[in-house]
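**Q** 1 is the number of the first residue of the sequence shown in full-length UniProt numbering; add one for each residue after it.
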Amino acid sequence: MSECVTLNSNGTLTDQGPATSSSTGLNCAGYVLVDGESYGMFQAVNSAFAAPQPSDAVSWFVGCWGTVMFFYLVAYLCGTVVNFFNKK
């Protein structure tokens, strides 16, 4: 459950009620305070859709490309051996 809070001049927070959303956005003039479960879910979703590190992206690209090339070369070699024995 998220609450809308404002920061007072003396450094305390004042609860403004639940933070509600509408078609124009979030209706909260201050800060949105969320509980631990909501924040954990936000972190999980955020990390799932985050851009990968460049080294991770290169590793995935090289790994996928290397797998395809490996099986292509194996198939090519098998085809060469089969054609060697099938010569008429």
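We put the CB at the ideal spot given by N, CA and C, even for glycine.
With the cut-off set at 7 Å, would you say V5 and G40 are in Cβ contact?
**A** Residue 5 sits at position 5 when you count from the first residue of the sequence shown. Residue 40 sits at position 40 when you count from the first residue of the sequence shown. No, they are not a contact pair.
**Q** Return the bridge partner residues of V45 from the DSSP annotation.
**A** Taking the first residue of the sequence shown as 1, we reach residue 45 at position 45. According to DSSP, V45 bridges with nothing at all.
**Q** Going by the CB atoms, is the gap between V45 and S2 shorter than 7 Å?
**A** Along the sequence shown, read from residue 1 onward, the residue named residue 2 stands at position 2. Along the sequence shown, read from residue 1 onward, the residue named residue 45 stands at position 45. No, they are not a contact pair.
**Q** What's the call for C78, buried or exposed, on a 16-neighbour Cβ count within 10 Å?
**A** In the sequence shown, counting from the first residue as 1, residue 78 sits at position 78. Exposed is the call here.
**Q** Run through DSSP, which three-state label would D35 get?
**A** If you number the sequence shown from 1, residue 35 lands on position 35. Three-state DSSP puts D35 in coil, outside helix and strand.
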